[in-house]
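Protein chains in written order, with this note's numbering: chain A, 3 to 302; chain B, 3 to 302.
Only one structure is covered here, and it is reproduced in the block below.
There are 2 protein chains.
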Amino acid sequence: MVETDLLKGFNYERTLNEDPRTKTVWLLGHVSRKTGRDVAILIAEKTHFSPTELAGFVDRLRNVRTQVEGNDIYHWFFSEWDGETDMKITLIVPATETHIAKYTPQPVHYVLETPDMYNALVKPFIELEPLKRIQWVYNIVDGTAESERVVLRTSGEEGFVLLPDMKWDGVTMDHLYLLVIVNTRTVRSIRDLGSGHLPLLQSIRDRVPAFVSERYGVSPDELRLFCHYQPSYYHFHVHVTHLKYADAPRVMIGQSHLLDTIIDNIKHIRGDYYQVATLPSIIGEKHGIWKAMQKSKDAL
Amino acid sequence: MVETDLLKGFNYERTLNEDPRTKTVWLLGHVSRKTGRDVAILIAEKTHFSPTELAGFVDRLRNVRTQVEGNDIYHWFFSEWDGETDMKITLIVPATETHIAKYTPQPVHYVLETPDMYNALVKPFIELEPLKRIQWVYNIVDGTAESERVVLRTSGEEGFVLLPDMKWDGVTMDHLYLLVIVNTRTVRSIRDLGSGHLPLLQSIRDRVPAFVSERYGVSPDELRLFCHYQPSYYHFHVHVTHLKYADAPRVMIGQSHLLDTIIDNIKHIRGDYYQVATLPSIIGEKHGIWKAMQKSKDAL
Chain A
3 MVETDLLKGF NYERTLNEDP RTKTVWLLGH VSRKTGRDVA ILIAEKTHFS
53 PTELAGFVDR LRNVRTQVEG NDIYHWFFSE WDGETDMKIT LIVPATETHI
103 AKYTPQPVHY VLETPDMYNA LVKPFIELEP LKRIQWVYNI VDGTAESERV
153 VLRTSGEEGF VLLPDMKWDG VTMDHLYLLV IVNTRTVRSI RDLGSGHLPL
203 LQSIRDRVPA FVSERYGVSP DELRLFCHYQ PSYYHFHVHV THLKYADAPR
253 VMIGQSHLLD TIIDNIKHIR GDYYQVATLP SIIGEKHGIW KAMQKSKDAL
Chain B
3 MVETDLLKGF NYERTLNEDP RTKTVWLLGH VSRKTGRDVA ILIAEKTHFS
53 PTELAGFVDR LRNVRTQVEG NDIYHWFFSE WDGETDMKIT LIVPATETHI
103 AKYTPQPVHY VLETPDMYNA LVKPFIELEP LKRIQWVYNI VDGTAESERV
153 VLRTSGEEGF VLLPDMKWDG VTMDHLYLLV IVNTRTVRSI RDLGSGHLPL
203 LQSIRDRVPA FVSERYGVSP DELRLFCHYQ PSYYHFHVHV THLKYADAPR
253 VMIGQSHLLD TIIDNIKHIR GDYYQVATLP SIIGEKHGIW KAMQKSKDAL
């Protein structure tokens with residue numbers, strides 16, 4: 003039996019697994035051979051675009067269908083590509099320099115931030131950031147914006163709001179993504195956390211998984227609660243995602259810190275852990291802190 | 003101009019970015035309209051298999067080509083799918099129960115491992131593991147196997163070997179993946195690390211990025227050095243990947259620990275950090291430790 007016949011003889015039984023992100027399926031079946039009936043697993047992965055195809059991209063499109071949700075400069079389509087395989091297309095026109103920058107990969111650097119570097123470079127950078135950049139966060143916490151999206155609100159200095167992240171569709175539980183934003187304005191990042199914040203941190207740890215379990219049916223041991231460092235905005239917040247959402251943005255070590263580890267470090271290791279620890283950062287060259295570091299590194 | 007004409011009028015200029023894993027490309031171009039020439043960005047993503055297509059999978063294959071690297075039970079093909087879009091196919095036949103288990107997703111649980119849990123459940127589990135399961139690791143360290151794959155070897159109790167991980171193709175630098183395996187047999191996991199291991203850890207930190215930079219041209223600030231916990235085998239080893247390899251296996255917080263953080267914790271925070279800290283683990287139900295935990299949790 004030649005190998006291509008082996009493939010043609012595959013009889014599908016059931017799907018073992020599939021990954022829509024990578025367009026891969028794992029199928030269980032069997033192949034009958036002279037020697038008997040063999041169990042078989044077939045793994046199929048769609049291939050990437052070849053670079054040479056990209057120049058004449060639109061010439062290879064067939065049967066283009068426009069989606070109704072087109073919005074301003076964003077236009078969505080489905081189309082076949084040469085044959086019958088579908089692809090999803092987004093066209094942004096007119097696109098600005100900001101759009102181009104957003105979709106162009108920027109060089110990133112791994113930086114170990116010592117307490118001295120934090121005090122000399124990062125803290126002044128945070129304090130100089132115009133507060134209007136986080137006005138939208140204050141609006142959520144104060145209840146003057148997005149109040150209908152908040153699913154849980156607790157009051158006081160140890161209070162917080164919980165709301166779905168914009169990236170979550172609200173339906174796919176494997177991609178569950180919520181955000182905890184604290185009421186207090188005095189914690190800009192994990193660097194500011196100390197023993198005095200244990201009631202706040204513990205309140206998030208106790209109440210959020212219980213609430214998520216009740217509201218969305220995702221059990222507490224399927225959740226990952228973590229903080230980014232550097233965060234994308236300097237008002238303390240905690241990301242809540244499903245464990246299976248393994249490619250949630252910046253969930254990798256070197257960019258994130260687990261809430262449980264933060265609590266343990268402060269409670270059992272040292273109350274001033276986040277003031278004395280050297281913390282990793284992965285910083286893009288477009289980030290304001292990278293520019294500040296480049297300017298000031300001679301000063302250190 | 004109807005929207006489909008807008009897409010047909012896209013003129014390709016250059017590729018901004020592409021992601022072979024998700025089969026997505028970001029193209030820069032322009033569209034000429036009555037109002038002038040607009041910059042445009044086109045984002046195309048191949049769609050996933052639809053579940054209804056999977057039952058009749060092999061009937062939709064066209065122009066199957068066999069790859070030469072077929073090996074024993076593994077057979078590799080390229081094929082078109084209905085039309086002209088390529089896909090890569092792996093057929094495993096005869097497949098065993100172990101293969102089926104490997105490709106079937108298992109439920110996973112987030113567990114906080116206190117020092118007490120480590121001592122009562124995990125340490126005995128590690129000590130009862132048959133050493134023959136890591137004989138292959140000893141063979142590499144002793145030089146009796148895979149010696150031609152080792153790219154760096156240092157001697158003594160603070161020594162280690164460095165070799166490419168089997169998952170790396172050795173060519174794509176964005177997916178660079180190397181493994182450091184230490185000579186000493188006394189460190190089973192990060193739980194065993196203490197002040198006495200700082201020379202070993204520091205030697206890895208100093209020598210590996212410098213070597214990788216010289217040999218592969220990847221600069222030290224583009225690398226991520228980390229340890230898994232729980233590891234997949236209990237002989238201390240360090241993973242070395244490119245920063246851009248953001249979906250390297252289990253590189254997420256809750257499953258990995260950055261070597262720099264390990265060194266900082268032991269050197270500047272507490273020498274016995276890894277004996278007194280509560281460490282997160284994400285454990286699949288098929289893992290021996292999960293079974294041990296289920297059996298013994300009443301004993302705690």
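Beta carbons: idealized from backbone N, C-alpha and C, even for Gly.
Check	Outcome
Measure from the C-beta of THR280 of chain A to each C-beta in chain B and report whether the shortest distance is under 8 angstroms.	yes
Identify whether ASN141 of chain B lies in helix, strand or coil by the three-state DSSP scheme.	helix
Whose CA, out of B:LYS288, B:HIS32, B:ALA97, B:VAL182, lies closest to the CA of PRO109 of chain B?	B:LYS288
In chain B, which residues lie with their C-beta within 7 angstroms of the C-beta of PHE228 of chain A?	ILE255
Across the stretch 16-23 of chain A and the stretch 43-54 of chain B, are there enough close Cβ pairs to call them in contact, namely three or more that are closer than 8 angstroms?	yes
Between MET89 of chain B and chain A, is there a C-beta pair that is closer than 8 angstroms?	yes
Report the residue from B:LEU8, B:TRP28, B:GLU55 whose alpha carbon sits nearest the alpha carbon of ARG39 of chain B.	B:LEU8
Indicate whether the contact test is met: 3 or more Cβ pairs, each with one atom in the stretch 234-241 of chain A and one in the stretch 148-161 of chain A, closer than 8 angstroms.	no
Would you call the CB atoms of ARG217 of chain B and THR243 of chain B closer than 8 angstroms?	no
Please identify the residue among B:GLY286, B:ALA122, B:LEU63, B:SER234 whose C-alpha is closest to the C-alpha of ARG190 of chain B.	B:SER234
Of all the CB atoms in chain B, is at least one closer than 8 angstroms to the CB of ALA122 of chain A?	no
Check ALA103 of chain B in the structure and name its three-state DSSP category.	helix
Would you mind telling me which residues of chain B sit closer than 8 angstroms to PRO22 of chain A, beta carbon to beta carbon, in chain order?	HIS50
What residues from the stretch 193-215 of chain A come within 8 angstroms of chain B, judged by C-beta to C-beta, listed N to C?	none
Identify the continuous alpha helix (DSSP H) that holds VAL278 of chain B and give its terminal residues.	275-278
Between LEU93 of chain B and chain A, is any beta-carbon pair separated by less than 8 angstroms?	yes
Put PRO96 of chain B into one of helix, strand or coil per three-state DSSP.	coil
Would PRO96 of chain B pass as an interface residue toward chain A - the criterion being a Cβ-Cβ separation below 8 angstroms?	yes
Rounded to the nearest angstrom, how far is the Cβ of TYR76 of chain A from that of ARG193 of chain A, given a contact under 8 angstroms?	Contact doesn't hold; Cβ gap of about 37 angstroms is too wide.
Tell me, which residues are paired with SER34 of chain B by DSSP?	B:ARG39
Could you work out which residues of chain A lie near HIS270 of chain B, taking near to mean beta carbons separated by less than 8 angstroms?	VAL278, ALA279, THR280
Where do the ends of the alpha helix (DSSP H) carrying TYR218 of chain A lie?	200-218
Sorted by chain position, which residues of the same chain lie with C-beta nearer than 7 angstroms to HIS270 of chain B's C-beta, five sequence neighbours on each side aside?	none
Since ILE265 of chain A contacts ARG207 of chain A with CB under 8 angstroms, what's their CB separation in whole angstroms?	6 angstroms
Using the Cα positions of TYR105 of chain B and VAL278 of chain B, report the straight-line distance between them to the nearest angstrom.	36 angstroms
Which parts of the stretch 245-278 of chain A are runs of the beta strand (DSSP E), unbroken and 3 residues or longer, counting only runs that do not cross its ends?	258-260
Taking the alpha-carbon positions, what's the ALA294 of chain A to LEU178 of chain B distance?	30 angstroms
Using a beta-carbon distance below 8 angstroms, is ILE291 of chain B in contact with chain D?	Given the protein chain composition of this structure (A and B), no chain D is represented.
Would you report the Cα separation of ARG64 of chain A and GLU15 of chain A, rounded to the nearest angstrom?	33 angstroms
Is TRP170 of chain A helix, strand or coil by DSSP?	coil
Any idea what DSSP makes of GLU5 of chain A, helix, strand or coil?	helix
Counting C-beta neighbours from all protein chains within 10 Å, is the total for ASN267 of chain B 16 or more, i.e. buried, or is it exposed?	buried
For the candidate residues A:THR174, A:ASN141, A:TRP170, A:VAL182, whose alpha-carbon lies nearest to that of GLN204 of chain A?	A:VAL182
Given that VAL60 of chain A touches chain B, what residues does it touch there, using C-beta distances under 7 angstroms?	LEU9, LYS10, PHE12
Quick one: give me the first and last residue of the beta strand (DSSP E) that PRO282 of chain A is part of.	281-286
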